[in-house]
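Quick notes on the structure that follows.
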Amino acid sequence: MYSASAIDKATEFCFLLCHETSYNYKYSIRVPVTESNPHHCDPIIPLLLAMTIIPSKMMASTMLSLVSAALPLQENHKGKMNLGSSDCSSFLRKEKRNPFMKTKSFGRINMAIAVNTSRFEGVTMAPPDPILGVSEAFRADNSEMKLNLGVGAYRTEELQPYVLNVVKKAENLMLERGENKEYLPIEGLAAFNKVTAELLFGAGNPVIEQQRVATVQGLSGTGSLRLAAALIERYFPGAKVLISSPTWGNHKNIFNDARVPWSEYRYYDPKTVGLDFDGMISDIKAAPEGSFVLLHGCAHNPTGIDPTPEQWEKIADVIQEKNHIPFFDVAYQGFASGSLDADASSVRLFAARGMELLVAQSYSKNLGLYAERIGAINVVCSSADAAARVKSQLKRIARPMYSNPPIHGARIVANVVGDPALFNEWKEEMELMAGRIKNVRQKLFDSLSAKDKCGKDWSFILKQIGMFSFTGLSKVQSENMTNKWHVYMTKDGRISLAGLSLAKCEYLADAIIDSFHCVS
Amino acid sequence: MNSQHPDGSVFSNIVRAPEDPILGVTVAYNKDTSPIKLNLGVGAYRTEEGKPLVLNVVRRAEQLLVNDPSRVKEYLPIVGLAEFNKLSAKLIFGADSPAIQENRVATVQGLSGTGSLRIGAEFLARHYYQHTIYIPVPTWGNHPKIFTIAGLSVKTYRYYDPETRGLDFKGLLEDLGAAPTGAIVLLHACAHNPTGVDPTLEQWEQIRQLMRSKGLLPFFDSAYQGFASGSLDADAQSVRMFVADGGECLAAQSYAKNMGLYGERVGALSIVCKAADVASRVESQLKLVIRPMYSNPPIHGASIVATILKDSDMYNEWTLELKAMADRIISMRQLLFDTLRDRGTPGDWSHIIKQIGMFTFTGLNTEQVAFMTKEYHIYMTSDGRISMAGLSSRTVPHLADAIHAAVTRIP
Chain Z
1 MYSASAIDKA TEFCFLLCHE TSYNYKYSIR VPVTESNPHH CDPIIPLLLA
51 MTIIPSKMMA STMLSLVSAA LPLQENHKGK MNLGSSDCSS FLRKEKRNPF
101 MKTKSFGRIN MAIAVNTSRF EGVTMAPPDP ILGVSEAFRA DNSEMKLNLG
151 VGAYRTEELQ PYVLNVVKKA ENLMLERGEN KEYLPIEGLA AFNKVTAELL
201 FGAGNPVIEQ QRVATVQGLS GTGSLRLAAA LIERYFPGAK VLISSPTWGN
251 HKNIFNDARV PWSEYRYYDP KTVGLDFDGM ISDIKAAPEG SFVLLHGCAH
301 NPTGIDPTPE QWEKIADVIQ EKNHIPFFDV AYQGFASGSL DADASSVRLF
351 AARGMELLVA QSYSKNLGLY AERIGAINVV CSSADAAARV KSQLKRIARP
401 MYSNPPIHGA RIVANVVGDP ALFNEWKEEM ELMAGRIKNV RQKLFDSLSA
451 KDKCGKDWSF ILKQIGMFSF TGLSKVQSEN MTNKWHVYMT KDGRISLAGL
501 SLAKCEYLAD AIIDSFHCVS
Chain E
1001 MNSQHPDGSV FSNIVRAPED PILGVTVAYN KDTSPIKLNL GVGAYRTEEG
1051 KPLVLNVVRR AEQLLVNDPS RVKEYLPIVG LAEFNKLSAK LIFGADSPAI
1101 QENRVATVQG LSGTGSLRIG AEFLARHYYQ HTIYIPVPTW GNHPKIFTIA
1151 GLSVKTYRYY DPETRGLDFK GLLEDLGAAP TGAIVLLHAC AHNPTGVDPT
1201 LEQWEQIRQL MRSKGLLPFF DSAYQGFASG SLDADAQSVR MFVADGGECL
1251 AAQSYAKNMG LYGERVGALS IVCKAADVAS RVESQLKLVI RPMYSNPPIH
1301 GASIVATILK DSDMYNEWTL ELKAMADRII SMRQLLFDTL RDRGTPGDWS
1351 HIIKQIGMFT FTGLNTEQVA FMTKEYHIYM TSDGRISMAG LSSRTVPHLA
1401 DAIHAAVTRI P
């Protein structure tokens, strides 16, 4: 133990509570020592003193680690580094050389008694993502009957993920060519940017010929939307984005994180299981002039309900009237109807009116490039000069986010879309994928109609388009789908038909009928 | 057209942004038609023949991946490829790191170094009580932009001493010593960019002690592990030193240079926490940063890295190719130094061989740099930083000529 004399020798103790934070207690303790008897400075003494004033709420384990933490510097005996010794004398001698330590006849031991609490102790557990978290839950389920209708990722009839043949061909071509992996420019692969704009607007479109489109490669749909959101925040301060009710769950997160205010316009009418067109027009009209209106180019997510061409014209009318700016999210071009041109008609309608607009594109679904993160943000401006300026500012936003985008997916798209043979082959594969979904819709409708004794009208399944169907199931009913039937879907009642096989339609019909009629 | 605005455009108030100072060098270089032009701007490795290099082991890994019929392109989890994350943490912290064994490390895949730094900065701005980050002077040009946009307030600490062309250690300790408790400190793990000046291990130890005594939070940027000295372990010593004392830190890793995966955008952010349950909560919050930014990261580059790191043959092959790249750069340093010495170029050029990594901070001023670009078609950043990776034995004499002319004709 410690002799009385040792403690006596340490006559002048000065405790300074230098700084107290939630996470760290730092004590600066002056102890009198002389060069001749350095051992009187025993590290245990200040420790004992420190321990007496530590708030009692700390647990014993913390105290123990406090002791070990305070032993000067020597932590990892197994490590190659000898980080110092616990002998106070050598510690002090080191201190003397240390420029930030003042030494007099008193040695000053500055110990960061890092309390064994993390500085991130207050970080709470975030909830799982409502969409991507569904797949996590699905993976954890051991039931044979389980069905993943959560995230919109295409599955074959055998419910296997699908890599398109054209994609495999393109990758093999790329491998054969042995291309390098140099940084892309901040705006991405030029060849990709060219073909993506042409795919969207049509190759001969005036907006392209007049160089009025600023196209920047982005990280799929999300990343492209985020670039646009950042542009809006910076250059249209206070401007709101109007989003449909409901919309893809991540839209709000993107605008929130980009600090862009948003409000909703009516879209889905649960009574008709269709479009609340009057509500939509009314809400767009009521919004402050110069708002951005987020529109789903085709295959609305999550409802699958798209405006008709006549309705698109009226939407364009009211947007022009209010000097709003259309902002399209095009994640399913080609995937909705099976035709790339038909699925781009809404965007082209607006462009043909000479309007300025934003369009975010994704190749996750239509080229099955989900994990490659390939998309683009296109900003159609009234002049080539404006487009050049806008592009330069989009680059400024991308640089501190990720510097420049990933090459692999961009090259695949450039190869497929840029090569006539591969492009045609792609169109065929896309028709097959869209076709399978249409077949599944039909079979599901037939099963539901046959099994449902209550005469509910299930035709909305056939009227809706794209990967998803908005079943009209409530949150509680959706939970029943999962808990009782092992059918995984999002709580808003959305099911991904891309994850449904013909073989599973009857089972799903049973689940839906049960949840609909027996759960409230 | 929009009727509200004079020229009919809602974008009329958007001005043209200047080119990025670093990436803009390549843009300017590409425009130059001179046959003797030399690009020493961006830090991308070049062979002796001046060509970009894809490592053999990378090609092999890609071959395996593309030819594997069972491979799919499904969305990765928000945090990225799990295998990649584990292997990356082991690479930087050491396979036997207690922090890893105790599950105290939250690792997420990021978009190379930039993306990983950005995620870490966003996380700190949301969840850490101290929003000030100290960055060295000078530092990579993109650092302050990343931290500022993430919501942190950027301050500086002295680092480079132009007199000695070495480390201003006294200034560094003073400035970090004066930092408020808990402030974040950006540290270049090795091969400081742009100066190439690294602290010695003893100096690192002092930095560590100082930082721990003030509760400063280390945020490492590790973009050159293995590329600086040729040894992956040696280049990770600074980071491991901080992890070894049981404290917390952040580390952003990039595979752009050391695996030559520049354009694939592969990296990782690790947050070393005091406890496993903290790491778990931290990871969940990192996901909330990533999801609204790009949902989940790209698979290709991460798969290549994972394929190489987990196979001992490929891993060994990688270390050899990595060492060869590092050695070539070291030999270019020696050659440039010798050439300047033989020319009798005025000044002390020993910093060229003392500095480490891809870059040399020449000490040339902006006028001299502009002169070298105009008269000798040599492209570099205006701070006098040159990428040694862009040199070859064929082009060193041209560079030496340019430097000689610049220092003799322009004070």
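As given, the protein sequences belong to chains Z and E, one line each in that order. Residues in the first sequence are numbered consecutively from 1, following my numbering. Residues in the second sequence are numbered consecutively from 1001, following my numbering. Using N, Cα and C, we set each Cβ at its ideal position, and we do this for glycine too. On a predicted model such as this, the values are computed, not experimentally measured, just so you know.
By the C-beta criterion, the segment 1266-1277 of chain E is judged not to be in contact with the segment 1036-1052 of chain E, since fewer than 3 inter-stretch pairs fall below 8 Å. Under the DSSP assignment, D514 (chain Z) falls in the alpha helix (DSSP H) whose first and last residues are C505 to C518.
When rounded, the separation of the alpha-carbon atoms in D385 (chain Z) and T272 (chain Z) is 46 Å. Counting the other CB atoms within 10 Å of its CB gives Q211 (chain Z) a total below 16, which places it among the exposed residues. Y268 (chain Z) and I305 (chain Z) have their C-alpha atoms spaced approximately 8 Å apart. Annotation for S263 (chain Z): the continuous beta strand (DSSP E) segment containing it runs W262 to R266. The alpha-carbon separation between S362 (chain Z) and G221 (chain Z) amounts to approximately 5 Å.
The segment 241-259 of chain Z makes no contact with the segment 423-438 of chain Z; the number of CB pairs closer than 8 Å stays below 3. In chain order, S220, Y363, G409, A410 and V413 place their CB closer than 7 Å to the CB of I374 (chain Z), counting only its own chain and leaving out the 5 sequence neighbours on each side. Given a length threshold of 4 residues, each whole run of the alpha helix (DSSP H) inside the segment 1012-1063 of chain E is given here in chain order: 1023-1031. With a contact defined as Cβ atoms closer than 8 Å, A1324 (chain E) and G1043 (chain E) miss out at about 17 Å.
Remark: C-beta atoms of L1176 (chain E) and Y1157 (chain E) approach each other more closely than 7 Å.
Here D317 (chain Z) is exposed, its C-beta having fewer than 16 other C-beta atoms within 10 Å. The alpha-carbon of Q1130 (chain E) is positioned some 11 Å away from that of A1121 (chain E). Counting the other Cβ atoms within 10 Å of the Cβ of R1059 (chain E) gives fewer than 16, which makes it exposed. Residues of the same chain with a CB within less than 8 Å of the CB of G1080 (chain E), apart from the 5 flanking positions on each side, are V1108, Q1109, G1110, A1268, N1296, P1297 and A1302 in chain order. For Q477 (chain Z), DSSP assigns no beta-bridge partner whatsoever. At least one CB atom of chain Z sits nearer than 7 Å to the CB of D1020 (chain E). Rounded to the nearest angstrom, the Cβ distance from R389 (chain Z) to F1147 (chain E) is 26 Å, too far for a contact under 8 Å. N256 (chain Z) and V123 (chain Z) have their C-alpha atoms some 20 Å from each other. The beta carbon of G1113 (chain E) is closer than 6 Å to those of A1223, A1252, S1254 and G1267 in its chain, skipping five residues each way along the sequence. From the listed residues Z:P237, Z:L340 and Z:I465, the smallest Cα separation to T308 (chain Z) is found for Z:I465. Between the alpha carbons of G1141 (chain E) and G1196 (chain E) lies a distance of about 15 Å.
Across the segment 325-351 of chain Z, CB contacts with chain E closer than 7 Å involve I325, in sequence order along the chain. Here the segment 1307-1326 of chain E does not lie against the segment 1277-1292 of chain E, with fewer than 3 beta-carbon pairs under 8 Å apart. Residue-level contact check: L497 (chain Z) does not touch chain E, since none of the beta carbons of chain E fall below 7 Å from its beta carbon. In the three-state scheme derived from DSSP, where H, G and I count as helix and E and B as strand, H1351 (chain E) is classed as helix.
Any Cβ of chain Z closer than 7 Å to the Cβ of H1398 (chain E) would place that residue at the interface, and such an atom is absent.
Per DSSP, the beta bridge partners of V380 (chain Z) are Z:V213 and Z:L357. As DSSP reads the structure, Y1157 (chain E) sits in a beta bridge with E:P1136. Nearest to L1309 (chain E) by C-alpha distance, out of E:W1349, E:I1022, E:G1344 and E:I1092, is E:I1092.
Taken through DSSP and simplified to helix, strand or coil, F236 (chain Z) comes out as coil.
If you check each beta-carbon in the segment 1005-1019 of chain E against every beta-carbon of chain Z, the ones closer than 9 Å belong to H1005, D1007, G1008, S1009, V1010, F1011, S1012, N1013, I1014, V1015, R1016, A1017, P1018 and E1019. In this structure, T1360 (chain E) lies away from V1396 (chain E), with their beta-carbon atoms at least 7 Å apart. Contact residues of the segment 442-476 of chain Z toward chain E are absent (C-beta to C-beta distance below 8 Å). Taking 7 Å as the threshold, the shortest C-beta distance from L242 (chain Z) to chain E does not fall below it.
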